[in-house]
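All you need for the working numbering is the position in the sequence shown, starting with 1, plus 224.
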Amino acid sequence: MPDNHYENIKLAQLYDMGSPWNNEREFYFSLPNSNTKSILDIGSGTGLIARALTKKGYLVTAIDPSLSMLKVGKNSPFGDKVTWIRSSAQSFKLNQSFDLIIMTGNAFQVLLKNKDILEALTNMKKHLNPKGRIAFETRNPMVDWQKNWDTDNIQKTNNKNVHISRRFLSLENNIMSFVHTYKFSHKILTSESKIRFSSHIEIKKLIHQSNLCIDKLYGDWDKEEFNQTENHKEMVFILKHQK
225 MPDNHYENIK
235 LAQLYDMGSP
245 WNNEREFYFS
255 LPNSNTKSIL
265 DIGSGTGLIA
275 RALTKKGYLV
285 TAIDPSLSML
295 KVGKNSPFGD
305 KVTWIRSSAQ
315 SFKLNQSFDL
325 IIMTGNAFQV
335 LLKNKDILEA
345 LTNMKKHLNP
355 KGRIAFETRN
365 PMVDWQKNWD
375 TDNIQKTNNK
385 NVHISRRFLS
395 LENNIMSFVH
405 TYKFSHKILT
415 SESKIRFSSH
425 IEIKKLIHQS
435 NLCIDKLYGD
445 WDKEEFNQTE
455 NHKEMVFILK
465 HQK
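Encoded structure:
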């Protein structure tokens, strides 16, 4: 089940405000090439990237388990140009394949077990065209994320301030638990989450088991090659079919 900050419609409406266009989104926005016609966005949320890609003329399908996020996306600019589907990375079944499959916003990290990751990768492979590519990112576990995890910010909605905080709770077996707190003028809402910090070695093994292979592995959004010793914050994977 999606976390409360995805499933609660009031919180879903805040999502794009707290997650604006950035280098990550620009990276995915630039991935389509001359052979790209169809794109699948898994864990799309409100479809900020999906909707932007439709403006460039691509046929975009967006998948997310949260009804609230899908509802917000549908009612947003260019939302009527996207095909919206409620499902998870592991379980979606479509009667089509895609030139590009993306999974952004560290959505890969909600796959907490090897079984979940393998099912998701295998499912993506089934829906990937012969010369297609899969792109996703996950945080590098070599970085001390706990140190700078807690955040506070204020967003304005309906001319009223909403104080939003993120607090670390625990880290065990590479699974981090944390909580978001949303303080509105009349109520307080919370949302607890869990994400997994997989090593690039673990992910490589699961990619191989899913009969995919790594085309590129970047350490940042400027396409610098990933090097674990440099403690790149991100691991950005570009996958393709095995030959």
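Every residue gets a Cβ at the ideal spot worked out from N, C-alpha and C, and that includes glycine.
Would residue 275 be called buried (16 or more neighbouring beta carbons within 10 Å of its own) or exposed?
Counting from 1 along the sequence shown, the entry for residue 275 is found at position 51. Burial call: buried.
How long is the line joining the alpha carbons of residue 304 and residue 434, rounded to whole angstroms?
Taking the sequence shown and counting its residues from 1, one reaches residue 304 at position 80. Taking the sequence shown and counting its residues from 1, one reaches residue 434 at position 210. Going from the Cα of residue 304 to the Cα of residue 434 covers about 34 Å.
Classify residue 432: buried if its beta carbon has 16 or more other beta carbons within 10 angstroms, exposed otherwise.
Taking the sequence shown and counting its residues from 1, the one referred to as residue 432 is at position 208. By the neighbour-count rule (16 or more Cβ atoms within 10 Å), residue 432 is not buried but exposed.
Beta strand (DSSP E) runs wholly inside the segment 346-380, at least 3 long, in chain order:
Runs found: 352-363.
Evaluate the contact criterion for the segment 353-366 versus the segment 445-462: three or more CB pairs, one atom per stretch, below 8 Å.
A contact exists between the segment 353-366 and the segment 445-462.
Selection from 407, 337, 317 and 370 that minimises the alpha carbon distance to residue 350
Numbered from its first residue, the sequence shown carries residue 350 at position 126. Comparing Cα-Cα distances from residue 350 to each of 407, 337, 317 and 370, the minimum goes to 317.
DSSP three-state label for residue 404, please.
Along the sequence shown, one-based indexing puts residue 404 at 180. DSSP places residue 404 in strand when its eight states are reduced to three.
According to DSSP, residues forming a beta bridge with residue 285:
Counted from its first residue, the sequence shown places residue 285 at position 61. According to DSSP, which records beta bridges pairwise, residue 285 is partnered with 264 and 307.
How should residue 347 be labelled, buried or exposed, when 16 other C-beta atoms within 10 angstroms of its C-beta is the threshold for buried?
In the sequence shown, residue 347 corresponds to position 123, counting from 1. Residue 347 is classed as buried because its beta carbon has at least 16 other beta carbons within 10 Å across all chains shown.
Cβ of residue 253 within 7 Å of any heavy atom in the ligand NAP?
The ligand NAP is not part of this structure, which contains no ligands at all.
For residue 376 and residue 416, what's the separation of their Cα atoms in angstroms?
To locate residue 376, count along the sequence shown from 1; it is residue 152. To locate residue 416, count along the sequence shown from 1; it is residue 192. The C-alpha of residue 416 is placed about 16 Å away from the C-alpha of residue 376.
Buried versus exposed, by CB contacts within 10 Å (16 or more), residue 308:
Reading the sequence shown from its first residue, position 84 is the one you call residue 308. Residue 308 should be labelled buried.
Roughly how many angstroms separate the alpha carbons of residue 270 and residue 313, rounded to a whole number?
Position 46 of the sequence shown holds residue 270. Position 89 of the sequence shown holds residue 313. If you take the alpha carbons of residue 270 and residue 313, they lie about 16 Å apart.
Run of the beta strand (DSSP E) containing residue 324, from where it starts to where it stops
By 1-based counting over the sequence shown, the position of residue 324 is 100. For residue 324, the uninterrupted beta strand (DSSP E) run begins and ends at 322-327, by DSSP.
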